[in-house]
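A quick write-up on the structure given underneath.
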Amino acid sequence: MIADKNFNVSAIFGDIVVNEPKNATIDHEVKWPRSISLVGHSLVIHKLSAVEWSLRNENTQPLACGTIGFAS
Numbered sequence: 751m752i753a754d755k756n757f758n759v760s761a762i763f764g765d766i767v768v769n770e771p772k773n774a775t776i777d778h779e780v781k782w783p784r785s786i787s788l789v790g791h792s793l794v795i796h797k798l799s800a801v802e803w804s805l806r807n808e809n810t811q812p813l814a815c816g817t818i819g820f821a822s
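Numbering-wise (this note's numbering), the sequence shown opens with residue 751 and increments by one.
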């Protein structure tokens, strides 16, 4: 990926809120350009929201992490 001063490649995607099984809402923090593929990028999901995580006073571990890819 070519660096772009108007695009932060280490941006926070946003908060994911899960109300019940199979019902999730994503609160987008950044607008991801369609010209840049998400394939090959890493994703980490934390228990705390972005605001809560920045205010934490303990060492919290991620709930899930992985790399976005294609299923064949």
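Ideal Cβ placement from N, Cα and C applies to all residues, glycine included.
Nearest neighbour of residue i, chosen from the options [CA to CA]
i	options	result
T775	R784, G790, D765	D765
G819	V789, E770, L798, D777	V789
L798	S785, P783, R784, A814	A814
V794	E770, T817, I786, V768	T817
Supposed close pair residue i, residue j - CB separation, criterion 8 Å
i	j	result
H791	P812	That belief does not hold up - the Cβ atoms of H791 and P812 are roughly 15 Å apart, past 8 Å.
Residue i versus residue j: straight-line alpha-carbon distance, rounded
i	j	result
E770	N809	27 Å
V768	S785	29 Å
K772	S787	25 Å
D777	P783	16 Å
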